[in-house]
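All remarks here apply to the structure that follows.
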């Protein structure tokens with residue numbers, strides 16, 4: 069498809085959104101996004117194969133949820149496309165389904181997905197930068213306090 073080659077997705081963000089989708093599905097079923105059973109409950113003791121289930125722990129998915137929520141204010145069309153494709157109600161929509169729901173072409177949806185990936189990546193980077201700056205300032209305060217303590221001694 070022509071639109072896909074023009075606006076490539078970011079694989080790391082696309083994977084994050086897939087994991088977020090599973091987490092949101094579990095959340096909608098009343099499990100707060102966390103697995104209903106311990107992974108030990110999925111093991112078979114008779115030598116057979118148990119059903120494979122992806123473990124979702126929620127920390128990264130919760131952060132992704134915040135990033136997607138931030139899109140709602142800054143880029144409502146991108147948020148809608150992401151929501152319809154990854155969460156849907158009651159079913160997730162294909163790219164063509166999202167395009168029909170938004171009254172645009174599939175190429176536009178592919179472009180929106182690429183734009184959403186970049187917006188989410190930027191949001192995550194700003195979050196990490198703020199966290200790192202906070203940690204550095206905290207370390208700086210501790211260092212200054214240690215220096216003052218040494219000078220008073």
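Numbering (our numbering), first residue to last: 69 to 221. Every residue, glycine too, gets a C-beta built ideally from N, C-alpha and C.
On the three-pair Cβ rule with 8 Å, is the stretch 176-185 touching the stretch 154-161? no
Would you be able to state if there are at least three C-beta pairs under 8 Å between the stretch 160-171 and the stretch 131-141? no
Status (buried if at least 16 other CB within 10 Å, exposed otherwise) for residue 86: Taking the first residue of the chain shown as position 1, residue 86 is located at position 18. Exposed, by the Cβ-count rule.
What residue range is occupied by the uninterrupted alpha helix (DSSP H) comprising residue 95? Position 27 of the chain shown holds residue 95. Where residue 95 is concerned, there is no enclosing alpha helix (DSSP H), given that its DSSP letter is neither H nor E.
Distance, residue 146 Cα to residue 188 Cα: If you number the chain shown from 1, residue 188 lands on position 120. If you number the chain shown from 1, residue 146 lands on position 78. Roughly 10 Å separates the two Cα atoms.
Residue 76 classed as buried or exposed, judged by whether at least 16 other C-beta atoms fall within 10 angstroms: Residue 76 sits at position 8 when you count from the first residue of the chain shown. Flag for residue 76 reads exposed.
Can you list, in chain order, the residues of its chain with a C-beta nearer than 8 Å to that of residue 32? Leave out the 5 residues immediately preceding and following it. Summary: the structure shown does not reach residue 32, with the chain confined to residues 69 through 221, and so no result is reported for it.
Quick one: grab the DSSP three-state call for residue 87. Position 19 of the chain shown, counting from 1, holds the residue named residue 87. Looking at residue 87 - three-state DSSP - the assignment turns out to be helix.
Apart from the five residues on each side of it in sequence, which residues of its chain come closer than 7 Å, Cβ to Cβ, to residue 129? Indexing the chain shown from 1 puts residue 129 at position 61. Closer than 7 Å at Cβ, skipping near neighbours: 87, 88, 91, 101.
From residue 201 to residue 98, what does the alpha carbon distance come to, in whole angstroms? Along the chain shown, one-based indexing puts residue 201 at 133. Along the chain shown, one-based indexing puts residue 98 at 30. Taking the straight line joining both Cα atoms gives about 36 Å.
Under 6 Å Cβ to Cβ from residue 163, same chain only, skipping five residues before and after it: list those, please. Against the chain shown, residue 163 aligns to sequence position 95. Cβ neighbours of residue 163 beyond the five flanking positions: 174, 177.
Could you check what DSSP says for residue 143 in three-state terms: helix, strand or coil? In the chain shown, residue 143 corresponds to position 75, counting from 1. The answer is coil: DSSP assigns residue 143 none of H, G, I, E or B.
Just to confirm, are residue 78 and residue 185 a CB contact at a threshold of 8 Å? What you label residue 78 is simply residue 10 of the chain shown in a count that begins at 1. What you label residue 185 is simply residue 117 of the chain shown in a count that begins at 1. Cβ distance < 8 Å, so residue 78 and residue 185 count as in contact.
Of all the options 150, 93, 140, 149, which has the alpha carbon lying nearest to the alpha carbon of residue 126? In the chain shown, counting from the first residue as 1, residue 126 sits at position 58. When each option's Cα is compared against that of residue 126, the closest is 93.
Report the rounded CA-to-CA distance for residue 204 versus residue 81, giving the unit in angstroms. One-based indexing of the chain shown puts residue 204 at position 136. One-based indexing of the chain shown puts residue 81 at position 13. Straight-line Cα distance between these residues: approximately 27 Å.
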